[in-house]
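Input: a single structure, listed below in structure tokens.
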Amino acid sequence: MKKIILSVMAVLAFGYANAQDKEVKEAKEFGFSKGNIFIEGQLSFSSSKETNSFEGKDFEEIKKSNTVFTPKAGYFISDDFAIGVQLAMSSSKEENTDLITPATDESKISGFGAGVFARYYFLNLGQRFKTYTELGLAFGSSKKRVNSVETNKIDGFGVGLDLGMNYFVTPKMAISFGLSNVLAFNATNDKDVVNNTESKTNSFSGNLNLFNNFFDTPTFGLLYKF
């Protein structure tokens, strides 16, 4: 009987050790290590249509669309800390149509930006969920055209602190979720090309109410680890 008990204990100990080794291995697979490189991309698109009426008769129609693409590349200098570079490309369009005339005014804004970031992973929620905070510095420029005529040129820079999470679908691929502009400082210079005037703006914003932020400014994307 004693031999049987010892044998069962040995089997259980062996099984437990294997399970622990498996968990450690999976934790390393579904995560990051020093020397890893990742690329990440987020794409957002929105469109809307609004019709204004008076006494049951439509007199104005407003269409809006906006597209933003933000690719990133990062390198892990430790298991939890990464540094990298980022780009941003945006395009928006608004059409205001007078349904009585009819006549349409069209405005377009195209923008490009570049920057650097530092990301720290501070909490693992299981083996596949990795949460992080990210500090970024970016510079950007955009142009506004109304009916194909350039009217404004906007240059600026910003510093932002974000929170985010990666969920690893496979050891190499993860879904990214981010809360943008938890804290942010922005400085812009808006030059009116037509009237040759300038407007400079400095702004600081914070949204520490994560319940509201969760629904107001979420971003989604994909991450691939090398």
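FYI, the numbering used here numbers position 124 of the sequence shown as 127, with every residue one higher than the one before it. We put the beta carbon where it would ideally sit given N, CA and C, even for glycine.
Asked: Terminal residues of the beta strand (DSSP E) in which Asp-82 lies; Found: From DSSP, Asp-82 is part of no beta strand (DSSP E); its letter is neither H nor E.
Asked: For Gly-59, the residue or residues it bridges with in DSSP; Found: None; Gly-59 has no bridge partner.
Asked: Cα-Cα separation between Leu-102 and Glu-201, rounded to whole angstroms; Found: 34 Å
Asked: Ile-250 versus Gly-224 - alpha carbon distance; Found: Any property of residue 250 remains undetermined from this structure, which presents the chain solely from 4 to 229.
Asked: Assigned exposure category for Leu-128 - 16 Cβ within 10 Å defines buried; Found: exposed
Asked: Best match in Gly-59, Ala-106 and Ser-144 for proximity to Ser-94 [C-alpha to C-alpha]; Found: Ser-144
Asked: Run of the beta strand (DSSP E) containing Ser-145, from where it starts to where it stops; Found: 132–149
Asked: Through-space distance from Phe-72 to Gly-167, alpha-carbon basis; Found: 17 Å
Asked: Cβ contact (3+ pairs, closer than 8 Å) linking the stretch 42–51 and the stretch 186–198; Found: no
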